[in-house]
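Encoded as structure tokens, the structure appears first; notes follow it.
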Amino acid sequence: MSIFQSINTSASALTAQRVRMDVISSNMANMDTTRGEMVDGEWQPYRRKMVVTQPQGNQFSSFLNKAMGSSSTVDGVKVTEIVEDDTPFELIYDPDHPDANDEGYVAMPNVDPLKEMVDLISSTRSYEANVTAMNATKEMLMKALEIGK
Numbered sequence: 031m032s033i034f035q036s037i038n039t040s041a042s043a044l045t046a047q048r049v050r051m052d053v054i055s056s057n058m059a060n061m062d063t064t065r066g067e068m069v070d071g072e073w074q075p076y077r078r079k080m081v082v083t084q085p086q087g088n089q090f091s092s093f094l095n096k097a098m099g100s101s102s103t104v105d106g107v108k109v110t111e112i113v114e115d116d117t118p119f120e121l122i123y124d125p126d127h128p129d130a131n132d133e134g135y136v137a138m139p140n141v142d143p144l145k146e147m148v149d150l151i152s153s154t155r156s157y158e159a160n161v162t163a164m165n166a167t168k169e170m171l172m173k174a175l176e177i178g179k
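First residue of the sequence shown? That's 31 in the numbering used here, and the numbers climb one at a time after it.
Structural data, given as structure tokens:
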């Protein structure tokens, strides 16, 4: 196990949480966008996006580390994809809106600001925890270097 493994693990988590915060910001910015993309010749509202993460590393390295007696099998986290939320759009009655259908209803994005704020707080807390872990690791490495003086 490398002495920098914990720093690399925290760094991968910081990157994943930054991507998550970027996607949440995009969702919040587009929560009133009624013309997101063209589907079958019609404009569809913006669809909420979500980040999918998984442990970094592959199966082979996990088995190799176990065979060599190492207890460390996880190398951090990585973003595997950004998916769209399939929840239905909310219909709001606004016959004067340019995107209103024949009955006067406008399909609004499936972005819930409350849910986005909860996700943003969770992501921010995870980011802060990983910064703290990285700083603690850095301090331990500095103390180890001082012992060698």
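Ideal Cβ positions, reconstructed from N, Cα and C, are used throughout, including at glycine.
Item to check | K145 in three-state terms, based on DSSP | outcome: K145 falls in the helix class under three-state DSSP.
Next on the checklist: Check for me: the beta strand (DSSP E) holding M68 runs from which residue to which?
Outcome noted: Here the beta strand (DSSP E) through M68 covers E67 to V69.
Checklist entry - What's the call for S152, buried or exposed, on a 16-neighbour Cβ count within 10 Å? => result It counts as exposed.
Item to check | Three-state secondary structure (DSSP) of E72 | outcome: Looking at E72 - three-state DSSP - the assignment turns out to be strand.
Next on the checklist: Can you check which of these residues, D129, K179, E169 and S36, is closest to Q74 by C-alpha distance?
Outcome noted: Comparing Cα positions, the closest option is D129.
Next on the checklist: Can you find the residues in the same chain that come closer than 7 Å, C-beta to C-beta, to A202, ignoring five residues on each side of it along the sequence?
Outcome noted: The chain is shown from 31 up to 179; residue 202 falls before or after that span and cannot be answered.
Checklist entry - beta strand (DSSP E) containing M35: first to last residue? => result According to the sequence displayed, residue 35 carries Gln and not Met. Boundaries for Q35: no beta strand (DSSP E) harbours it, while the alpha helix (DSSP H) harbouring it runs Q35 to A59, taken from the DSSP string.
Checklist entry - What separation, rounded to the nearest whole angstrom, lies between the Cα atoms of I33 and E146? => result C-alpha separation (whole angstroms): 37 Å.
Checklist entry - Nearest-angstrom Cα distance between A137 and Y157? => result Between the alpha carbons of A137 and Y157 lies a distance of about 34 Å.
Next on the checklist: I'd like the list of long-range same chain contacts for V53, defined as Cβ closer than 8 Å, with 5 residues on each side in sequence excluded.
Outcome noted: Closer than 8 Å at the Cβ level, and outside the excluded window around V53, lie K79, M80, V81 and I112.
Item to check | E133 - DSSP class collapsed to helix/strand/coil | outcome: Coil.
Checklist entry - Leaving out five residues before and five after V49 in sequence, what residues of the same chain have Cβ atoms less than 7 Å from its Cβ? => result Answer for V49: V81 and V109, listed in chain order.
Item to check | Neighbourhood of I37 by C-beta, 7 Å cutoff - its chain only, sequence neighbours within 5 removed | outcome: Cβ neighbours of I37 within its own chain (closer than 7 Å, five residues either side excluded): M164 and T167.
Checklist entry - Mapping DSSP to helix, strand and coil, what is K179? => result Reduced to three states, the DSSP call for K179 is coil.
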